[in-house]
Structure formats: C-alpha cells, structure tokens
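Only one structure is covered here, and it is reproduced in the block below.
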Amino acid sequence: MLQHKVTLEKHIIEPGAIPALALYKDDGKKKPLIITVHGYTGNKSGEIDYCLILAEEGFLSISIDARLHGERAVPDFEERMAANFPKELLGVMIGTAGDISLVIDYFVQRADVLSDKIGVMGVSMGASIAYLATTLDDRIKASVPIIGTPGWDLSLAPKDPDQFGAWPEPDDELIALVTNYDPRHRAEHFFPKALLMLNGVQDETVLIDGPRQLYERLQPLYQGQPERLSFIAYEEVGHEFTEEMRHEAVRWFKKFLA
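Here our numbering is used: the first residue of the sequence shown is 8, the next is one more, and so on.
Below is the structure:
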C-alpha cells in the first residue's frame with residue numbers, strides 16, 4: 008500500500024512540442040529523473056505501467072512520444088515508412104535521441120529533480136534511441152536499453168519488402184547517418200555511464216548481434232569499473248519486455264541513481 012499518492016502530469020516541452028507524461032510520488036523529496044521511450048508504432052501511454060513502478064520506487068519518471076508517434080504522428084506515416092523505411096526510421100531515432108536532451112533541459116529546472124542523477128530507458132526502437140542519447144548527453148548517468156540494438160548498419164542491408172516496405176539501395180545520406188550515429192561507432196562516449204543491456208537470444212525482430220558487439224567493444228573501456236557495464240542475454244526470450252527485465256532495470260537504476 009502506497010504511503011504517498013503518485014501524481015500524473017502532462018507536459019508539452021518546447022522547443023519541439025514534445026509531449027511527455029510525468030509520474031512521481033508526492034512525498035516532497037528530490038528525485039532522480041528517468042526518461043523512457045516506447046517502441047516502433049507505440050506511444051508514451053504504453054509505458055505508463057512501467058513509469059508507475061519507477062515512480063513508486065522514488066524516481067520522477069517521464070514517458071515521451073518519439074517523433075512521428077503518438078501525439079506527434081503524421082497522416083502519411085505509413086506511406087513515408089513504406090517509401091524508405093531505413094532512412095525514415097533513422098530520422099525518428101536520431102531526432103528523438105536529440106529530443107531527450109531537451110526533455111532533460113526542461114525537467115532539471117524543477118526543484119524536485121536531482122540534476123546529477125539522470126537515467127534513460129527504452130524498449131525496442133526506444134532502446135536504439137536510448138543507446139544514442141546516452142552517447143550524446145553526458146548528464147545521463149545510467150542507461151537501460153531493452154530488446155533494441157546499437158547496430159544500425161543493418162539498415163544498409165536489403166530486407167523483405169513485404170515486411171518492411173521499400174528498401175532502396177543506401178545513398179550517401181543514409182551511409183553518413185549510419186557512420187555518424189551508429190552507437191557502436193561512439194563507444195568512447197559510453198564510459199563511465201552505467202549501461203545495462205537486456206536482450207532475448209531468440210529475438211528475430213531485433214537480432215542480438217549488435218548488443219553483443221557493443222558489449223565486446225566496451226569491456227576494455229570499463230575494465231577499471233566493470234560493475235558499471237552489464238549485458239544479459241535471456242536464452243528462451245524473443246522480442247518481449249519480460250517481468251524479469253523490468254525488475255533488472257529497476258535494480259540497475261536504484262543501484263546507480265538512487
């Protein structure tokens with residue numbers, strides 16, 4: 008039974024008109040800030056249950072709409088994705104990763120936020136966004152990408168058009184996006200942030216290869232503080248955010264932010 012009620016607020020963050028939901032326990036204490044990002048075709052409301060768990064644990068939890076999703080949706084979303092899925096998806100992920108810095112700017116102005124204790128978490132597409140955001144903003148101290156990948160060069164490989172729509176040959180613009188923003192190419196920007204990667208071995212939607220490669224690249228950087236880097240591969244799990252993953256994420260944030 009909760010001793011304090013959990014408050015739910017809606018915010019529109021400028022610049023960018025970024026819709027956000029904020030959940031926190033109304034106990035008068037200053038709180039670490041955690042920003043969550045949903046998966047492809049999802050929206051901020053889909054993360055409410057998990058944000059509530061974080062709020063009950065003493066965090067100020069924020070759920071935002073990724074670009075072209077939720078309240079930021081556009082009428083021609085399906086047509087745009089069908090025309091050039093990899094470039095459009097990369098645009099969503101890169102743009103939203105940048106938006107996270109604007110969200111941090113907005114919420115650290117609050118008197119109830121501990122500005123030196125900021126985390127980010129994402130699921131599926133949201134995890135890919137979390138990977139990049141972690142490398143872009145040094146105010147992020149802990150990160151938990153779940154069933155997503157930092158391996159963006161997959162966008163350069165041909166895919167089944169019946170599943171993904173048109174997948175044109177990569178042009179110079181797409182190659183430049185992958186070269187500049189693939190989180191594996193930005194490995195030096197992760198340390199010393201506390202990074203927990205959670206993936207299913209049986210995941211056929213987001214392959215586990217990308218997280219494994221990043222983990223191998225990061226291990227030498229974290230050798231002095233190995234407790235700040237963890238990669239858990241769940242043997243019998245596919246593309247799903249399991250209850251055990253939820254518990255692991257909460258434990259990670261409590262360990263490094265609380």
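Idealized CB from N, CA, C, for every residue including glycine.
Runs of the beta strand (DSSP E) lying entirely within the segment 176-233, each at least 3 residues long, are 201-207 in chain order. Inter-residue distance for Glu-195 and Leu-228 is about 8 Å (C-alpha atoms, whole angstroms).
Note that the C-beta distance between Asp-189 and Asp-160 is below 8 Å. When the Cα atoms are used, Lys-38 and Leu-67 turn out to be separated by approximately 6 Å. Counting the other Cβ atoms within 10 Å of the Cβ of Ala-24 gives fewer than 16, which makes it exposed. By the criterion of at least three beta-carbon pairs nearer than 8 Å, the segment 86-105 is not in contact with the segment 58-65.
Going by C-alpha positions, Val-130 is about 24 Å away from Pro-233. As a beta-bridge residue in DSSP terms, Gly-129 pairs with Val-44, Pro-152.
For the pair Pro-26 and Gly-133, the Cα-to-Cα distance works out to about 15 Å. Apart from the 5 residues on each side of it in sequence, Ala-118 sits with its Cβ closer than 8 Å to the Cβ of Lys-37 in its chain, given in chain order. Boundaries of the alpha helix (DSSP H) around Pro-93: 92-114.
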